[in-house]
Amino acid sequence: MNDPIEFRKAAHELIDWIADYHENIDRYPVKSQVKPDEIKSKLPESAPADPVGFDNIMKDFEEIILPGITHWQNPRFHAYFPGNSSYPSLLGEMLTSAIAAQCMIWETSPAAAELEERVLDWLKEAMGLPINWKGVIQDTASTGTLAAILTAREQVSNYSINKAGFEHSNYRIYCSTETHSSIEKAVKIAGFGSKSVIQIPVDQNLQLDTSLLKEAISADLNNGLVPVCVVATLGTTGTCSIDPLKPISSICKKHNIWLHVDAAFAGTALLLEEHRGMISGLTDADSFLFNPHKWMFTNFDCTAYYVKDSDALVKTFELLPEYLKTKTHGLVNDYRDWGVPLGRRFRALKLWFVIRSYGLEGIKAKLREHIRLAELFEDWVNNSPDFEKVIQRSLCHVCFRFNPKEVNEERELENLNKKLLEDLNASGEMYLTHTKVNGKYCLRMVIAQTNVNEDHIKADWALINQLKPQV
Ligand code: PLP
Numbered sequence: 335m336n337d338p339i340e341f342r343k344a345a346h347e348l349i350d351w352i353a354d355y356h357e358n359i360d361r362y363p364v365k366s367q368v369k370p371d372e373i374k375s376k377l378p379e380s381a382p383a384d385p386v387g388f389d390n391i392m393k394d395f396e397e398i399i400l401p402g403i404t405h406w407q408n409p410r411f412h413a414y415f416p417g418n419s420s421y422p423s424l425l426g427e428m429l430t431s432a433i434a435a436q437c438m439i440w441e442t443s444p445a446a447a448e449l450e451e452r453v454l455d456w457l458k459e460a461m462g463l464p465i466n467w468k469g470v471i472q473d474t475a476s477t478g479t480l481a482a483i484l485t486a487r488e489q490v491s492n493y494s495i496n497k498a499g500f501e502h503s504n505y506r507i508y509c510s511t512e513t514h515s516s517i518e519k520a521v522k523i524a525g526f527g528s529k530s531v532i533q534i535p536v537d538q539n540l541q542l543d544t545s546l547l548k549e550a551i552s553a554d555l556n557n558g559l560v561p562v563c564v565v566a567t568l569g570t571t572g573t574c575s576i577d578p579l580k581p582i583s584s585i586c587k588k589h590n591i592w593l594h595v596d597a598a599f600a601g602t603a604l605l606l607e608e609h610r611g612m613i614s615g616l617t618d619a620d621s622f623l624f625n626p627h628k629w630m631f632t633n634f635d636c637t638a639y640y641v642k643d644s645d646a647l648v649k650t651f652e653l654l655p656e657y658l659k660t661k662t663h664g665l666v667n668d669y670r671d672w673g674v675p676l677g678r679r680f681r682a683l684k685l686w687f688v689i690r691s692y693g694l695e696g697i698k699a700k701l702r703e704h705i706r707l708a709e710l711f712e713d714w715v716n717n718s719p720d721f722e723k724v725i726q727r728s729l730c731h732v733c734f735r736f737n738p739k740e741v742n743e744e745r746e747l748e749n750l751n752k753k754l755l756e757d758l759n760a761s762g763e764m765y766l767t768h769t770k771v772n773g774k775y776c777l778r779m780v781i782a783q784t785n786v787n788e789d790h791i792k793a794d795w796a797l798i799n800q801l802k803p804q805v
C-alpha cells in the first residue's frame, strides 16, 4: 500500500476496529486458549511473493492472529504485573508511529529529547524523587537495570573494564532471593558471571533481611571481594513486597556501594503522598527505575530510569564515531549515550499524552481506586471460610489461596490451588498467575488494569468461589 487515499480509508477502518476492540474486549477470552504451534501452522512457511490488500490482511489478523492474543487490556487481567494502556497512550503511540522518528540524538529530533527531559522532570517532582537526579526513558526495566549495573561496574573499576576488560572476578552484586530475574540477567550480560550474584534471604514478609546483607558484605570485604552494587526492590514480582530502603541505603553509603532501586511496578504509587514512606533513604541511592508501562496507563514499552550522577552513566556508554559528531554535542542531552541502544523510539510522546490527558490528579484517583478495590478483595478473602491471605496485601496486590478446613496437607493444598488456577484461566473470564510464599503455593490477584472496577472484581470473586475444587 503506497497510495494516500487507500491509506486514509484503511486507517479510518482501523480506528473503528480499535475502538470496537476496546469497547468489546470482554468478548475475547482474557488468556489465549491456543495450543503450541496452532498459530504457526496457519501461516505459510515462506513469505508471500505477491501483495495483498488491507482487507485481506485484517481478515487473517482476526481469524489467525487474534485467537493467539492474550488480552492484557481486559479489566479482568490480574496476572503477572499489568502491561496496561489507555486511550491517550494509544493516541500518543499512533503519532510516534506516524512520525517514525529515530531519536538517537538531540539533532535527530530535538523535540523528542527535550520532551523526554521535561516529562521525566515532571514525574521526578510529582513522585518526590531527589530533585538533582536526571531521568531517561529506557525500553524496559531489564535494560534500565543493565545500565545501572554497567555504570556501577565502571565506577568501581575506575572505568577500566570498558577499556581493558576484567582483570579479576572478585566482584559481588547483592539482591534478595525475591528479586526479579532481570538482575541476574544484567549481571550475566555485564560479564560478572551469575556466580557474582549474592541472593540475600528475606524475612517472613519477603523483604530483604538487612542484617544478613550487612553480614554478607562484611564477610566479602574481609575476604578481599569487591562489592559493586546492591539492588533493592520496591514491589517484588511475587508478592509486591517492599525492601527496607533506608537501612539498605545506609549500608551502601557506609561501604560506598552503588544502590540501584528496582521499583518497576510499585514505583507508580509514589505519585500518592501516602505511599512515599517506601523511598525514605532514596537520596543515598544511585539509580532508580519504574515502569509507566506497568501501572501508569502508558503502553509498553516505557521505563523511567533516574540516576544521581548522569556523567557516570554517559561515561559508561559514550562513543563518538565520526558519523555522530554534531555541533550541539555536549550542549544538549544525546540520549544514545544514556543506555544500551543507539536507536531510540519517541516514547516520551505517549507519556506526555497520558500525563496531560489524565492530569496527575486523574492518575492518582485511578491508583487510589485500584488500592481500594484490592482492600475490598482482601476483606472478602479474610471473611471467607475457604480462602486465606498468605501475606500482607501490598498496594493493589493480594496473595491468597484456597484453604478449606477439611484439608491439612500442604501438597494437597498446592494441587487444589493449581487446579483452581487452571480452571479460572481456562474459563477465559479472568487471568491470574501464582507464586510461592514461604513454601505455600498461592494465587496472585493484581488489581491494576486501567479500566478495572468494582463490578469486575465482584465477578472475579464469584467465579473463584464457583470454581473452587470439591474436597
Ligand atoms: N523488575 C520487577 C520487580 C518486575 O516485576 C519486572 C517485570 O515484571 C521487571 C523488573 C522487568 O520488567 P521489564 O519487562 O520492563 O524488563
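Heads up: the sequence shown begins at 335 in the working numbering, then just goes up one per residue.
Virtual Cβ for every residue (Gly too), placed ideally from N, Cα, C.
It should be emphasised that the depicted structure is a prediction, and the values quoted were computed from it without experimental measurement.
Provide the residue span of the alpha helix (DSSP H) that contains residue 650, from first to last. 644-651
Under 8 angstroms by Cβ, that's how I've got residue 593 and residue 564 pegged, so tell me the actual separation to the nearest angstrom. 5 angstroms
On the CB-based measure, 16 or more other CB atoms within 10 Å of its CB, does residue 418 come out buried or exposed? buried
Considering residue 514, what are the terminal residues of the beta strand (DSSP E) in which it resides? Here residue 514 belongs to no beta strand (DSSP E), and DSSP marks it neither H nor E.
Roughly how many angstroms separate the alpha carbons of residue 515 and residue 776, rounded to a whole number? 20 angstroms
Taking 8 angstroms as the threshold (C-beta atoms), are residue 477 and residue 674 in contact? yes
Residues near residue 451 by beta carbon distance below 7 angstroms, same chain, minus five either side: 667
Rounded C-alpha distance that separates residue 391 from residue 784: 29 angstroms
Mind checking residue 704: buried by the 16 CB within 10 Å criterion, or exposed? buried
Whole-angstrom C-beta distance between residue 732 and residue 712, which should lie under 8 angstroms: 5 angstroms
Can you name the start and end residues of the alpha helix (DSSP H) that residue 343 belongs to? 338-357
So, helix, strand or coil for residue 493, using DSSP? coil
Which one of 410, 345, 341, 340 has the shortest CA to CA distance from residue 361? 410
Could you tell me the distance, in whole angstroms, from the CA atom of residue 513 to the CA atom of residue 415? 14 angstroms
For residue 415, is the beta carbon positioned less than 7 angstroms from some heavy atom of the ligand PLP? yes
Kindly indicate the opening and closing residues of the alpha helix (DSSP H) around residue 469. Segment 468-472 is the beta strand (DSSP E) holding residue 469; no alpha helix (DSSP H) there.
Indicate, with yes or no, if the ligand PLP has a heavy atom lying under 7 angstroms from the CB of residue 599. yes
Name the DSSP beta bridge partners of residue 561, please? 506
The beta strand (DSSP E) with residue 588 in it runs from where to where? Residue 588 -> not in any beta strand (DSSP E); alpha helix (DSSP H) instead, spanning 579-589.
Determine the closest residue to residue 595 out of 475, 800, 426, 759, with distance taken between C-alpha atoms. 475
Residue 810: first and last residue of the uninterrupted beta strand (DSSP E) it sits in: Missing from the structure shown is residue 810; the chain here goes from 335 to 805 and no further.
The beta strand (DSSP E) spanning residue 708 covers which residue range? Segment 682-716 is the alpha helix (DSSP H) holding residue 708; no beta strand (DSSP E) there.
For residue 731, does the three-state DSSP call read helix, strand or coil? strand
Within 10 angstroms of its Cβ, does residue 349 collect 16 or more other Cβ (buried), or is it exposed? exposed
Please classify residue 778: does DSSP put it in a helix, a strand, or coil? strand
C-alpha distance - residue 686 paired with residue 466, whole-angstrom precision: 21 angstroms
Where the beta strand (DSSP E) through residue 533 begins and ends: 531-534
Please report the Cβ distance between residue 504 and residue 559, rounded to the nearest whole angstrom; I am assuming they are in contact, meaning their Cβ atoms lie under 8 angstroms. 5 angstroms
The alpha helix (DSSP H) enclosing residue 383, as first and last residue numbers: Unbroken run through residue 383: none, as it is neither H nor E.
Going by CA-CA distance only, name the one from 639, 670, 641, 805 that's closest to residue 654. 670
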